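Student:
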Amino acid sequence: MSSQREIRLNAFDMNCVGHQSPGLWTHPRDRSWQYKDLDYWVDLARFAGTR
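One point on numbering: in numbering that gives the first Met the number 0, the residue at position 1 of the sequence shown is 0, and numbering is uninterrupted.
#1: When the Cα atoms are used, what is the spatial distance from F11 to Y39?
#2: Can the beta-carbon of Y34 be found less than 8 Å from the beta-carbon of N9?
#3: Given this structure, state the Cα-to-Cα distance separating L23 from R4, to the nearest angstrom.
#4: Quick one: give me the first and last residue of the alpha helix (DSSP H) that D36 is part of.
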């Protein structure tokens, strides 16, 4: 008998200068400066949902 296990994932994003990613804001694909835009959060949620 096999049973499927449910996996729950959690993502955490903190809008500050240095929480766990100092210097990442210099990455060419960084979009954290768009934190006030809803599209930024929707895209981030879609990305997290595909992982």
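Quick reminder that beta carbons are idealized off the backbone N, C-alpha and C, glycines included. Note that the structure is a prediction, hence the values are computed from the model and not measured.
Tutor: Well, looking at it:
#1: The count along the sequence shown starts at 1 and reaches residue 11 at position 12. The count along the sequence shown starts at 1 and reaches residue 39 at position 40. Cα to Cα, F11 sits roughly 14 Å from Y39.
#2: What you label residue 34 is simply residue 35 of the sequence shown in a count that begins at 1. What you label residue 9 is simply residue 10 of the sequence shown in a count that begins at 1. Judged by beta-carbon spacing, N9 lies beyond the 8 Å limit of Y34, meaning their Cβ atoms are not closer than that value.
#3: Against the sequence shown, residue 23 aligns to sequence position 24. Against the sequence shown, residue 4 aligns to sequence position 5. Pairing L23 with R4, the inter-Cα distance amounts to about 35 Å.
#4: In the sequence shown, counting from the first residue as 1, residue 36 sits at position 37. No alpha helix (DSSP H) contains D36, which DSSP labels as neither H nor E.
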